[in-house]
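Structure first, then comments.
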Amino acid sequence: MAVPKKVLAAIKESFQHHTAGGTGGKSFLVTPRSDQSLAQPVRQLRERLSMTQQEFALQFGIPIRTLQKWEQDERCPEGPARAYLAVIAHMPEAVLAALRAERDGIVAEA
176 MAVPKKVLAA IKESFQHHTA GGTGGKSFLV TPRSDQSLAQ PVRQLRERLS MTQQEFALQF
236 GIPIRTLQKW EQDERCPEGP ARAYLAVIAH MPEAVLAALR AERDGIVAEA
């Protein structure tokens, strides 16, 4: 498979910038604020549903290691994961029913 000319040009430009010691790019330091920790809410949600980490991860299709990192405050759920947890928190039975239906083939793909 041939590499597109635009990709080769971008690689060449990047290499030239790197070897010239250029620092024209912007860099950002992102640090989580302490009040943004979701470790306790995630653990509390799981415990409110009376589930172990393994059960919660399996039932809701979340990798167990991801769940553990959330609960240990090593990572923070963002974007779709955060929205998914909000839906689970408000309507856990509806989420489980939808996942069961999808798993059983009741939900057809669009």
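Counting in our numbering, the sequence shown runs from 176 upward without gaps.
For every residue, glycine included, the Cβ atom is placed at its ideal position computed from N, Cα and C.
| Taking DSSP as the reference, what is the three-state secondary structure of aspartate 210? | For aspartate 210, the predicted model reports a pLDDT of 49, less than 50, meaning its position is unreliable and no value from the coordinates is stated.
| field | leucine 183 (DSSP reduced to helix, strand or coil) | value | helix
| Which of the three DSSP states, helix, strand or coil, is assigned to serine 225? | Assignment of serine 225 by DSSP, reduced to helix, strand and coil, places it in the coil class.
| message | For valine 262, count the other beta carbons within 10 Å of its own beta carbon; 16 or more makes it buried, fewer makes it exposed. Which is it? | response | Here valine 262 is exposed, its C-beta having fewer than 16 other C-beta atoms within 10 Å.
| query | Counting pairs of beta carbons, one from the region 239-248 and one from the region 213-221, are three or more of them closer than 8 Å? | reply | Because the criterion of three Cβ pairs below 8 Å is met, the region 239-248 and the region 213-221 touch.
| Cut-off 8 Å between Cβ atoms - residues of its own chain near alanine 184, not counting five sequence neighbours on either side | none
| said: What would DSSP say about glutamate 246, mapped onto helix, strand or coil? | reply: helix
| message | Along the chain, where does the alpha helix (DSSP H) containing proline 267 start, and where does it finish? | response | 267-278
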